[in-house]
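S.K.: Handing you a structure now.
Shown next, in the form of structure tokens:
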């Protein structure tokens, strides 16, 4: 049973810890965090040890690492883990900027280690079923993808300021979903948006955005995003194909419907990503464990992480320059 | 173009007047009502004349009558119209009691006139589509029918007192729907209920009822009814068949969905029968006009009206005696 | 009761004829069409006379005209009717090109006649309810409008070739809906698309398009369109506001739901615009009749028709030039 | 951490084993089954030991037992565990017949041990939310409860023959749900049904049933059941109250909607109880663990198990005798 070292004892780190623990193919051995108290507490809950990076990577029993540290650490941790010959699961984004992402991808390639990127939406049961049915030809070739991707409330200003902007921080997931669904590369992108909250303005960022992408084969993808959907976490996919349409709706906490004088009402969507993608997080870790046995190159992998990051940078530039951009530089 | 005499200038009479007027195959010629002012006003709106029963039935140009007078007048008007050789459309119920209903049916049979009963639910587009698909075998043989039949608010006490009771007044429609869907006769009935409002108590009636029917071929039908569904007029059908289920849902005024912090909400059902069955009333009159040309015996006809009335009387007895009854007397 | 002259005896002309006929405030007096057989037949069905343009406009009893002739005739008919002092209802678009539209608007202004443009979607009960609730503040200020506007099947190649292109032919409705919902003018537009059918290619047109619009107050609108949605006529509105979301869904022929082994299914949307907007066509004619009495300037009026046409031309240019355009020329 | 002994290594036993294992407050210590191979395998998977009843009950570290053995063993195991002073979780039904159920309840009462009955539906998130909102007064006092309770396919004939009949085997859950929702006792019951499959006939049982219950305060409950719903496991609750209606719909595997030429379709319900109530099984075990700490008398407890069994017996008699029965004997 391969031992796993987990980097990052924050919110998403805890999710991964739990999923590693219940996964028969994996054993959580180490938790690493600069916040040693958090690392210790999380390690204790799962009978693991809190250690530093050196120690975790030096242990030959550790076959895999899960990187859930802050974005600024991703590239360095991937590089070091790759050099230590560990299989890698890394949260998105690969790195804070493209150069760093490409550099660590080169190291991973040279080391020949597997590196899976945590685009968990691909593992959501509803999204994955839509993709399977699309690939099975249920609606013919895809023609238009419409992605609705809205957070319930914006993060604090401090987070916004260092987030890299809405395209890198939020839409990077949607860029990955777009490429995944279309199974095609993007050749043109146009991004625009609005800044409707003081915080977004202070962070020189957008809080509302619309992006249009066109793929090599002429398929369109339109994404609309907001940082503040009052009714909850809104994550929907719609694919129009030559023979019909597939839609992936939101999940709800319960299936209760209430009918009263003025209205018939149901639950709003799951409140945020931890609830909405709970199952997806579990399934991506199962997938990672499966890869360890198979020694296959993972999908989504580093190339997917880099492509999504490229699109986020193109979108940012398109917005700032106020024009559509050719992505085939 | 056959002339039509309309008996009854009340709420439902006005509906029929409008549907006769726009029907290319019919012309509204006379309106008859003991309330001569109401008759005059309605006649004027449709370029018809307000006359008395004799005059209307004596006119040889009048080929058909539409009876929307009070229930107490139904049997007499059917009898007189039949003897005058007119085709008849009569609102449910055929008569206030079974003997009168059977007597006027005998007269109509002897006169050889067509007599259609206004069970408009059979013409509702949603219910009719369900029935067509059921008959086409989409879910195999029907096994269980579940009818939900709830009014938004009870009628005034005066109406309740002379209504004949909830089974004759409200459920007579459901008994017809039950027979229509199952295409089978009922052999056993059990009715129970509750009296939750002071008015129903004063009228020695129920305002909430549950009826179970078993048909000759062993199919079940369960009906649940209330006189006061706070959220509107609730009219649903569910048929479980050997191969699946067909459900007919409520109609809504609009398809607007509102998502806010606490809930996702849509329109409640159409408020009451005039809105819910607006299209059904138009379609039943088109059906009646078609029958005039074809000289066919109408469905639903007098026999359906009498069967539904029989079931209403059995249900009333079952409730009062507190036991299941064999309907094959 | 004001007499009405109807120009155009085609499909949409017949719809208007029927709605004029049942409208208590209007009387259909003349039908005019270069196809005199069609004009004669339609006139006969409604007890009107088939005449030529001169005759219809010369009759002083004719207070209003309804223009449902081919687009190439719109400007001339508006101009002549305005000079004759008639109130005007004209199908969209105002004219085949902007210059002609502006010229006839000038004539109408000088003549002081009312001119309503047939943007019937504003009268659809579902869309109108959404607009009312938006204006009532149910979800706060609108931030993003998402319009889905898909036809079930493309028109014949001959029609496509002279249609003016997808933006003028199809999306002109959506541009009007966008302005109507946002109650704001557009300052920037970006349009792109794909040409996935041989016919569209031969017509040098798109059959799939995505348009992004930004308004003066920074609201976004994204429209996605296809000429061939295999599942029917797909007409949806979604408005994200500061306090929630309003969505207007498709209408269905019936509310039947079928549950079988593999799936739970319901009706697809109404097949095409004649079914989907049947009620809207009736309501816009009621609105026009009301205006005749009130002598108010109609909404949507010529200015709305011209603005929508401007946006269609900007969208066409944006697509051809491959860049976002400033609409505040 | 209290040790738990699990009796029964079958399908439902495995579910409980997994839920005990991940429950921080419990430790699975023993697995007991007459099929020692099954017991051994299950014990091994959870680092427990396969032993016999004596051994398990003799261990003073064992604070609680979970009984998932065959129904015929329930009463004996409850009795022995109670005498050994263990807290008890027992699958429904309490016993194969009422006398045995009452006898072991007496032993448990004398021993003063907690005994929770596995009516897991009370813990289903959707049903529990409905109950919470009902109790919070959202729709006023309940007036009519409609339960739809249908299995996807009948069990094998062997099972049917020893199942105790559809009322004890299937509807016992619904009788518990009825009492739970109404918070009232039943005073009258009427059950009827049909036998539409050869197997049910051979087992002298029904496969389709309709039950009507009336409570002390005059509330109605109607239950309709089938052993073979072709579209899946159909488990719905509807409560009409004085101020509105609450409905609990089915859960679906995914939220994908497919729109094609003929229909718009979504997922059928979860296939069967292991999927539908997966979360409910987990939550009832959490509730049981919480009880161990609190030493409270559990709800649902033995009294609920006995009441449901009584209603199942009344229903069976009502059906056999063809009449409504007073349950207050």
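Protein chains in written order, with this note's numbering: chain S, 74 to 402; chain Y, 74 to 402; chain Z, 74 to 402; chain C, 74 to 402. Glycine included, every Cβ here is placed at the ideal spot set by N, Cα and C.
Per the DSSP calculation, residue 221 of chain C is bridged to which residue(s)?
M.R.: Partner(s): C/297, C/309.
S.K.: Residue 163 of chain Y lies in the alpha helix (DSSP H); which residues open and close that run?
M.R.: Here residue 163 of chain Y belongs to no alpha helix (DSSP H); instead the beta strand (DSSP E) covers 160-163.
S.K.: Could you compute how far the alpha carbon of residue 197 of chain S sits from the alpha carbon of residue 234 of chain S?
M.R.: Spanning the two alpha carbons is a distance of roughly 29 Å.
S.K.: Measuring CB atoms only, is the segment 380-395 of chain S touching the segment 115-129 of chain S, in the sense that at least three cross pairs come out at less than 8 Å?
M.R.: In short, these stretches do not touch, since the Cβ pair count stays below three.
S.K.: Which of the three DSSP states is assigned to residue 107 of chain Y in this structure?
M.R.: Residue state, collapsed to three classes: coil.
S.K.: CB-CB under 6 Å to residue 174 of chain C, same chain, minus the five flanking residues each way: which ones, in chain order?
M.R.: Answer for residue 174 of chain C: 167, 168, 379, 382, listed in chain order.
S.K.: Whose CA, out of Y/82, Y/153, Y/133, lies closest to the CA of residue 108 of chain Y?
M.R.: Of the candidates Y/82, Y/153, Y/133, the one whose C-alpha sits nearest the C-alpha of residue 108 of chain Y is Y/82.
S.K.: Any beta carbon of chain Y sitting closer than 7 Å to that of residue 338 of chain C?
M.R.: No - not a single Cβ of chain Y is within 7 Å of the one on residue 338 of chain C.
S.K.: Taking only heavy atoms of the ligand FMN into account, decide whether any of them is closer than 6 Å to the Cβ of residue 244 of chain S.
M.R.: This structure lacks the ligand FMN, and indeed carries no ligand of any kind.
S.K.: Count the other CB atoms, across all protein chains shown, that sit within 10 Å of the CB of residue 266 of chain Y; report buried if there are 16 or more and exposed otherwise.
M.R.: Counting Cβ neighbours within 10 Å, residue 266 of chain Y comes out buried, since at least 16 surround it.
S.K.: Please name the residues in the segment 321-334 of chain C whose beta-carbon is closer than 8 Å to at least one beta-carbon of chain S, in chain order.
M.R.: So the close ones are 321, 322, 323, 324, 326, 327, 328, 329, 330, 331, 332, 333, 334.
S.K.: For residue 77 of chain S, which option in S/114, S/228, S/135 has the closest C-alpha, if you only look at C-alpha atoms?
M.R.: The shortest Cα separation from residue 77 of chain S among S/114, S/228, S/135 belongs to S/135.
S.K.: If we cut at 7 Å on Cβ distances, does residue 313 of chain Z have a partner in chain S?
M.R.: Output row for residue 313 of chain Z: interface = yes.
S.K.: Find the residues of chain C that neighbour residue 293 of chain Y, judging by a C-beta separation of less than 9 Å, and give them in chain order.
M.R.: The answer, in chain order, is 265, 266, 267, 281, 282, 283, 297.
S.K.: Any C-beta of chain Z sitting closer than 7 Å to the C-beta of residue 341 of chain C?
M.R.: It does: the Cβ of residue 341 of chain C has a partner Cβ on chain Z nearer than 7 Å.
S.K.: Spatial neighbours of residue 276 of chain S within its chain, please: CB distance less than 6 Å, with the 5 preceding and 5 following residues excluded, ordered by chain position.
M.R.: Cβ within range, chain order: 233, 234.
S.K.: Tell me, please, whether the CB atom of residue 252 of chain Z is closer than 7 Å to any CB atom in chain S?
M.R.: Not an interface residue.
S.K.: So, is residue 240 of chain Y buried or exposed, given that buried needs 16 or more other C-beta atoms within 10 angstroms?
M.R.: By the 10 Å Cβ count, residue 240 of chain Y comes out buried.
S.K.: Is residue 401 of chain C buried or exposed, if buried means 16 or more other CB atoms sit within 10 Å of its CB?
M.R.: It is exposed - the Cβ of residue 401 of chain C has fewer than 16 other Cβ atoms within 10 Å.
S.K.: Quick check on the burial criterion: 16 or more other C-beta atoms within 10 angstroms. Buried or exposed for residue 172 of chain S?
M.R.: Under this definition residue 172 of chain S is an exposed residue.
S.K.: Name, please, each residue of chain Y whose Cβ falls closer than 7 Å to the Cβ of residue 202 of chain Z.
M.R.: Simply 327, 329.
S.K.: Can you tell which of C/95, C/106, C/154 has its C-alpha closest to the C-alpha of residue 119 of chain S?
M.R.: Of the listed residues, the one whose Cα sits closest to residue 119 of chain S is C/95.
S.K.: For residue 322 of chain Z versus residue 311 of chain Y, is the C-beta spacing smaller than 7 Å?
M.R.: It is not a contact, given that the beta carbons lie outside the stated cut-off.
S.K.: So, under 8 Å CB-CB, residue 244 of chain C and residue 222 of chain C are touching, yes? Tell me the CB distance rounded to an integer number of Å.
M.R.: About 7 Å separates the two Cβ atoms, so the contact holds.
S.K.: Indicate whether the contact test is met: 3 or more Cβ pairs, each with one atom in the segment 298-311 of chain Y and one in the segment 209-228 of chain Y, closer than 8 Å.
M.R.: They touch, by the three-pair rule.
S.K.: What does the alpha-carbon distance come out to for the pair residue 165 of chain C and residue 392 of chain C?
M.R.: Rounded to whole angstroms, residue 165 of chain C to residue 392 of chain C spans 22 Å at the Cα level.
S.K.: Taking the alpha helix (DSSP H) that residue 275 of chain C falls in, what are its first and last residues?
M.R.: Where residue 275 of chain C is concerned, the enclosing alpha helix (DSSP H) stretches over 271-275.
S.K.: Going along the chain, which residues of the segment 340-362 of chain S sit with their C-beta nearer than 9 Å to a C-beta in chain C?
M.R.: Listed in sequence order: 340.
S.K.: Can you tell me which residues form a DSSP beta bridge with residue 261 of chain Z?
M.R.: Note: residue 261 of chain Z sits in a beta bridge opposite Z/287, Z/399.
S.K.: Mind listing the chain B neighbours of residue 81 of chain S? Cutoff is C-beta to C-beta under 7 Å, in chain order.
M.R.: Among the protein chains of the structure shown, namely S, Y, Z and C, there is no chain B.
S.K.: Quick check on this structure: which residue in C/316, C/354, C/331, C/231 has the alpha carbon closest to the alpha carbon of residue 336 of chain S?
M.R.: With distances taken between Cα atoms, residue 336 of chain S lies closest to C/316.
S.K.: Cα separation between residue 374 of chain Z and residue 349 of chain Z?
M.R.: Each residue's alpha carbon lies about 23 Å from the other.
S.K.: In chain S, which residues lie less than 8 Å from residue 206 of chain C when you measure between Cβ atoms?
M.R.: Simply 329, 331.
S.K.: Measuring alpha carbon to alpha carbon, tell me which of Y/346, Y/334, Y/313 ends up nearest residue 324 of chain Y.
M.R.: Of the listed residues, the one whose Cα sits closest to residue 324 of chain Y is Y/346.
S.K.: Would residue 151 of chain Y and residue 80 of chain Y qualify as a contact pair, given that the criterion is a beta-carbon distance under 7 Å?
M.R.: No, Cβ-Cβ distance for residue 151 of chain Y and residue 80 of chain Y is not below 7 Å.
S.K.: Just checking my contact of residue 284 of chain Z with residue 259 of chain Z at CB under 8 Å: how many whole Å lie between their CB atoms?
M.R.: About 10 Å separates the two Cβ atoms, so there is no contact after all.
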